[in-house]
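A.B. asks: Chains L and F are the protein sequences, given in the same order. Sequential numbering of the first sequence, starting at 2, is according to my numbering. Sequential numbering of the second sequence, starting at 2, is according to my numbering. In this text, a Cβ means the ideal position worked out from N, Cα and C, and glycines have one as well. One structure, as structure tokens, below. Some questions next.
Protein chains: 2
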Amino acid sequence: MSDIDPDEIPPGALSVLPVAGIPEIRQGDDLAGILADVSPVVAYDVLVVTQKVVSKAEGQVIPIDTDDPRGHKAIVEDESVRILRRRGELIISQTRHGFVCANAGVDLSNIDAGHAALLPVDSDRSARRIRDVIRARRGIEIGVVISDTFGRPWRRGVTDVAIGSAGIGPILDLKGTNDALGRELQVTEVAVIDEIAGAADLVMGKATGIAAAIVRGVPQAWFRNGSVREEIVRAPQDDLFR
Amino acid sequence: MSDIDPDEIPPGALSVLPVAGIPEIRQGDDLAGILADVSPVVAYDVLVVTQKVVSKAEGQVIPIDTDDPRGHKAIVEDESVRILRRRGELIISQTRHGFVCANAGVDLSNIDAGHAALLPVDSDRSARRIRDVIRARRGIEIGVVISDTFGRPWRRGVTDVAIGSAGIGPILDLKGTNDALGRELQVTEVAVIDEIAGAADLVMGKATGIAAAIVRGVPQAWFRNGSVREEIVRAPQDDLFR
């Protein structure tokens, strides 16, 4: 064993910090202002905010129609532009944003009984609003990511991915970059925004009530304009699996 | 703005630390020993190691047969048990491990010209070897993840996911857990191992030659036996998209 020091923070390290102190959010709450108040962000931090609190603040929570025999499924069908697969209670569909996910992103957890939370109407816009308020109040550049929990075909378990972003590039394009041996890289478009969303989930969990996290140490070169909808959503004609 | 301190590290925070000092790896190199020497791991760290150096150390690098008109594709077909889709040069196939990915995980970057790197034969075993060596030398419990870069249907860009693990549970099962409002969670199986692999990629990049990273601060309760192949790979009969 060499003389390595486990307490030394090497250059290029990241930290992922849960944001405490976000109260229960209700429709009409000034979520951006609350986040600006409670998030200890510094310049070039990425603030990751879970979809649930964004949907609540934006009023994207609706009562489940108990007269509709389809129940919760009625909402899922209404929120879908295309159903890809059905199995039992599970529907995999494409939302109007272009996301392909279970139950069109409609969710019954962490909201009042008898209600369902829909995805934000435009989650890139939701991210921009939060970014703009924090930038105005603090005078710093930050990135904002709205995250949600999606399943994957072929792999069990869910992970958090980005459904909206502002100030941070969703895709890192390494085109023209060489590998460590000087050969051009084959894989050039890295969805860093989804890796950031997943990293944030590791400190938020699903049961803790922690609705935001800060990812600190992301290279400054990654901060730019860009939208999840424009860069991450794959057009159906480019997709091999629908 | 309240009296928040951006330099305070809150409870539950993670750090992601690139591991420097890994030399160019060749077949037969004692990768586990090298990692034990250069990685400043402490108890309950997760050491994420990229597939490329594991494949090299294990001799999973083969010359491309220049007499075979299929070229690189010959290797991809040999490494596939089932071809799911083809488009141009791209093949999406299922490997014998059960992974569904582009080109059966066969990769031409960061290896000598005229050669291709295959996936490890058993990447859970590769992770266990590294974990066992570090545990023996340091006397600490750690988790080890072997990561690789996969694309996704429906979403553009690649992310790093786990193809092998030891000492850390691939899936965090929240079954029976309640949400912050006391209702049972709908989504209960979180693929934390893939979120850890993606977080590590944020500090490794594809062009830097950094082949490992430490994720520090993962809850101790997540450390247990478990394998990516057994927990993450979805059986074809459970899958809606092949």
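Which chain L residues are close to residue 193(F), counting only those with a beta carbon under 7 Å from its beta carbon?
C.D. replies: Here residue 193(F) refers to the residue found at position 192 when the second sequence is read from its first residue. The answer, in chain order, is 203.
A.B. asks: Does any CB atom of chain L fall closer than 9 Å to the CB of residue 67(F)?
C.D. replies: Numbered from its first residue, the second sequence carries residue 67(F) at position 66. Not an interface residue.
A.B. asks: Apply the 10 Å Cβ neighbour rule to residue 44(F) and answer buried if 16 or more other Cβ atoms are within range, or exposed otherwise.
C.D. replies: Here the question's residue 44(F) lines up with position 43 in the second sequence. The residue is exposed, with fewer than 16 neighbouring Cβ atoms inside 10 Å.
A.B. asks: Given that a residue counts as buried once 16 or more other Cβ atoms are within 10 Å of its Cβ, and exposed if not, what is residue 53(F)?
C.D. replies: By one-based count along the second sequence, residue 53(F) stands at place 52. By the 10 Å Cβ count, residue 53(F) comes out buried.
A.B. asks: Note down, in chain order, all residues in the region 73-101 of chain L with a beta-carbon under 7 Å from any beta-carbon belonging to chain F.
C.D. replies: Within the region 73-101 of chain L, the residues whose Cβ lies closer than 7 Å to some Cβ of chain F are 86, 88, 93, 101, listed in chain order.
A.B. asks: Within the same chain, show all residues whose beta-carbon is closer than 6 Å to that of residue 2(F), passing over the 5 residues directly before and after it, in chain order.
C.D. replies: Residue 2(F) sits at position 1 when you count from the first residue of the second sequence. Its pLDDT being 46, under 50, residue 2(F) is placed unreliably in this model, and the coordinates cannot settle the point.
A.B. asks: Does any residue of chain F bring its CB to less than 9 Å from the CB of residue 29(L)?
C.D. replies: By one-based count along the first sequence, residue 29(L) stands at place 28. Judged by the 9 Å Cβ criterion, residue 29(L) is not in contact with chain F.
A.B. asks: Inspect the CB distances between the region 121-130 of chain F and the region 57-66 of chain F and report whether three or more fall short of 8 Å.
C.D. replies: A contact exists between the region 121-130 of chain F and the region 57-66 of chain F.
A.B. asks: Mind checking which residues open and close the beta strand (DSSP E) that includes residue 144(F)?
C.D. replies: By 1-based counting over the second sequence, the position of residue 144(F) is 143. Taken as a continuous stretch (DSSP letters only), the beta strand (DSSP E) holding residue 144(F) covers 144-151.
A.B. asks: Is the region 106-121 of chain L touching the region 130-138 of chain L, taking contact as three or more C-beta pairs under 8 Å?
C.D. replies: No, the region 106-121 of chain L does not touch the region 130-138 of chain L.
A.B. asks: Run through chain L and tell me which residues come within less than 7 Å of residue 190(F), C-beta to C-beta.
C.D. replies: The residue given as residue 190(F) occupies position 189 in the second sequence. The answer, in chain order, is 157, 158, 159.
A.B. asks: Determine whether the Cβ of residue 71(L) lies closer than 9 Å to any Cβ atom of chain F.
C.D. replies: Taking the first residue of the first sequence as position 1, residue 71(L) is located at position 70. No, its Cβ sits nowhere closer than 9 Å to a Cβ of chain F.
A.B. asks: Output yes or no for whether 9 Å exceeds the beta carbon distance between residue 20(F) and residue 211(F).
C.D. replies: Here the question's residue 20(F) lines up with position 19 in the second sequence. Here the question's residue 211(F) lines up with position 210 in the second sequence. The answer is yes: Cβ separation under 9 Å.
A.B. asks: Buried or exposed: which applies to residue 8(L), given that a residue is buried once 16 or more other Cβ atoms fall within 10 Å of its Cβ?
C.D. replies: Against the first sequence, residue 8(L) aligns to sequence position 7. Answer is exposed; the Cβ neighbour count stays below 16.
A.B. asks: Alpha carbons only, please: which of 70(F), 62(F), 16(F) is nearest the one belonging to residue 112(F)?
C.D. replies: What you label residue 112(F) is simply residue 111 of the second sequence in a count that begins at 1. With distances taken between Cα atoms, residue 112(F) lies closest to 62(F).
A.B. asks: Roughly how many angstroms separate the alpha carbons of residue 223(F) and residue 92(L), rounded to a whole number?
C.D. replies: Taking the first residue of the second sequence as position 1, residue 223(F) is located at position 222. Taking the first residue of the first sequence as position 1, residue 92(L) is located at position 91. Each residue's alpha carbon lies about 30 Å from the other.
A.B. asks: What would DSSP say about residue 108(F), mapped onto helix, strand or coil?
C.D. replies: To locate residue 108(F), count along the second sequence from 1; it is residue 107. In this structure, residue 108(F) counts as strand in the three-state DSSP scheme.
A.B. asks: As an exercise, report each continuous alpha helix (DSSP H) stretch of at least 4 residues that is fully enclosed by the region 64-90 of chain F, in chain order.
C.D. replies: 73-80, all fully within the region 64-90 of chain F.
A.B. asks: I'd like to know if residue 143(L) contacts chain F, where contact means its C-beta is closer than 9 Å to some C-beta of that chain.
C.D. replies: For this step, residue 143(L) is matched to residue 142 along the first sequence. Closer than 9 Å: no.
A.B. asks: Taking only beta-carbon atoms, is residue 58(L) less than 9 Å away from chain F?
C.D. replies: Taking the first residue of the first sequence as 1, we reach residue 58(L) at position 57. No, residue 58(L) does not count as interfacial toward chain F.
A.B. asks: Who are the Cβ neighbours of residue 150(F) in its own chain at under 6 Å, not counting the five residues just before and after it?
C.D. replies: By 1-based counting over the second sequence, the position of residue 150(F) is 149. Closer than 6 Å at the Cβ level, and outside the excluded window around residue 150(F), lie 159, 161.
A.B. asks: Flag residue 16(F) as yes if its beta-carbon sits less than 9 Å from any beta-carbon of chain L, otherwise no.
C.D. replies: Within the second sequence, the letter at position 15 stands for residue 16(F). Yes, residue 16(F) counts as interfacial toward chain L.
A.B. asks: Check the Cβ-Cβ distances between residue 51(L) and every residue of chain F, and say whether any is below 9 Å.
C.D. replies: The sequence position of residue 51(L) within the first sequence is 50, counting from 1. Output row for residue 51(L): interface = no.
A.B. asks: Can you give the Cα-Cα distance for residue 140(F) and residue 41(F), rounded to whole angstroms?
C.D. replies: Here residue 140(F) is taken as the residue at index 139 of the second sequence, counted from 1. Here residue 41(F) is taken as the residue at index 40 of the second sequence, counted from 1. Residue 140(F) and residue 41(F): Cα-Cα distance of roughly 13 Å.
A.B. asks: Closest by CA to residue 147(F), which one among 215(F), 105(F), 87(F)?
C.D. replies: On the second sequence, residue 147(F) is found 146 positions in, with the first residue counted as 1. Of 215(F), 105(F), 87(F), the residue nearest in Cα terms is 215(F).
A.B. asks: Would a check of beta-carbon distances place residue 64(F) closer than 9 Å to chain L?
C.D. replies: As a working mapping, residue 64(F) is identified with position 63 in the second sequence. So, not an interface residue.
A.B. asks: Around the Cβ of residue 226(F), are there at least 16 other Cβ atoms within 10 angstroms (buried) or fewer (exposed)?
C.D. replies: Numbered from 1 along the second sequence, position 225 holds the residue referred to as residue 226(F). Exposed.
A.B. asks: Could you tell me which of 145(F), 218(F), 96(F) sits nearest to residue 255(F), measuring between CA atoms?
C.D. replies: Residue 255(F) is absent from the structure shown; chain F starts at 2 and stops at 243.
A.B. asks: Examine chain L for any beta-carbon lying closer than 9 Å to the beta-carbon of residue 153(F), and answer yes or no.
C.D. replies: Within the second sequence, numbered from 1, the residue matching residue 153(F) stands at position 152. Yes, residue 153(F) counts as interfacial toward chain L.
A.B. asks: Would you mind sorting residue 179(L) into buried or exposed? The rule is 16 or more other CB atoms within 10 Å of its CB.
C.D. replies: Mapped onto the first sequence, residue 179(L) falls at position 178. Burial call: exposed.
A.B. asks: Quick one: is residue 2(L) near chain F, going by C-beta distance under 9 Å?
C.D. replies: Position 1 of the first sequence, counting from 1, holds the residue named residue 2(L). For residue 2(L), the predicted model reports a pLDDT of 46, less than 50, meaning its position is unreliable; a value from the coordinates is still stated below. True, the Cβ-Cβ gap to chain F drops below 9 Å.
A.B. asks: Please tell me whether residue 211(F) has its Cβ less than 9 Å away from any Cβ of chain L.
C.D. replies: For this step, residue 211(F) is matched to residue 210 along the second sequence. Cβ-Cβ to chain L under 9 Å: yes for residue 211(F).
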